[in-house]
Amino acid sequence: MLGLPLREFYFLRHGQTDFNAKGLSQGAIDIPLNDVGRAQAEAAAPVLAGRGIVGIVTSPMLRAHETATIINATLNLPMMVEPDLREVIFGGQEGKPLAPWFSGWLDGTFTPEGAESFELLTERAASVMARVLAHPGPLLIVSHGAFFRSVRALMGLELDVISGNARPMLCAPMGRIWQATPLA
1 MLGLPLREFY FLRHGQTDFN AKGLSQGAID IPLNDVGRAQ AEAAAPVLAG RGIVGIVTSP
61 MLRAHETATI INATLNLPMM VEPDLREVIF GGQEGKPLAP WFSGWLDGTF TPEGAESFEL
121 LTERAASVMA RVLAHPGPLL IVSHGAFFRS VRALMGLELD VISGNARPML CAPMGRIWQA
181 TPLA
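This is the structure:
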């Protein structure tokens with residue numbers, strides 16, 4: 001059974017993009033932040049300051065890397081790019097509305113042509129999170145919405161939860177039960 005190392009970390013989905021604002025799936029399309037997304041990243045930085053975070057690990061995709069860079073202008077921490085933190089490949093559904101197909105992808109009953117299944121994404125997430133969480137922490141992980149749903153699966157939490165753009169989350173094991181707590 002897949003799971004996560006029982007180590008506290010912070011997670012942040014990238015700031016808003018134009019595709020997010022329109023409800024379109026991005027997947028492997030490398031979309032930059034929009035002005036709202038940049039402002040969200042700037043607002044997240046002071047929320048994360050003073051929490052003992054020792055480093056930032058980010059997806060290489062432009063929207064996540066830009067979010068991490070904006071936050072790190074305040075935190076001034078070592079930053080590492082981890083290619084496997086990239087967003088899922090949605091294949092033929094990239095650039096299209098998430099409804100009605102996304103829930104079928106999430107529950108494993110539908111995988112778009114040319115896409116990564118939720119199961120494969122979760123296996124990739126388990127592998128990369130084990131590598132990342134082997135580093136001294138706590139770390140801030142900056143990645144993507146569908147990727148975080150696979151992390152939620154590994155934590156045994158509900159999957160059908162939307163992670164707000166640039167909204168910091170503390171992910172912490174309480175014994176063997178995980179909690180993902182949004183930070184104010």
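All letters in the sequence shown, in the order written, are residues 1 to 184 by the numbering used here.
We put the CB at the ideal spot given by N, CA and C, even for glycine.
Within the stretch 104 to 152, the alpha helix (DSSP H) runs of at least 4 residues that lie entirely inside it are, in chain order, 118 to 132.
Taking the Cβ atoms as the reference, M169 lies roughly 21 Å from F19, outside the contact range of under 8 Å. Distance between A39 and I53, taken at the CA atoms: about 21 Å. Less than 7 Å divides the Cβ of H144 from the Cβ of E87.
For L159 against R167, the beta-carbon gap comes to about 17 Å, at or over 8 Å, which does not count as contact. When the beta-carbon positions are compared, R51 and T17 stay at least 7 Å from each other.
Classified as exposed, G104 has fewer than 16 neighbouring CB atoms from the shown chains inside 10 Å of its CB.
In this structure, E8 lies away from P136, with their beta-carbon atoms at least 7 Å apart. Taking 7 Å as the cut-off, the Cβ atoms of L24 and E66 do not count as close. Between V151 and A125, the gap from beta carbon to beta carbon is short of 7 Å. Listed in chain order, the non-local C-beta contacts of P60 below 7 Å within the same chain comprise V81, P83 and R86, local neighbours out to five positions each way being set aside.
Counting along the chain, the unbroken beta strand (DSSP E) around T181 starts and ends at I177 to P182. Closest in alpha carbon position to L77, among P100, L48, A99 and P97, is L48.
For L75, the CB contacts under 8 Å within the same chain, skipping 5 residues up- and downstream, are A45, L48, A49, I53, I56 and L140 in chain order.
Take the alpha-carbon of G92 and the one of E113: they are about 6 Å apart. In terms of Cβ geometry, G27 and F90 form a close pair [threshold 7 Å]. Within the same chain, Cβ atoms closer than 8 Å to the Cβ of P5 are found at M129, A130, L133 and A134, the five residues on either side in sequence being excluded. Between L154 and T122 a beta carbon distance of about 7 Å is seen, short of the 8 Å cut, so the two are scored as contacting. With respect to the C-alpha of V142, the residue from M79, L2 and D35 having the closest C-alpha is M79.
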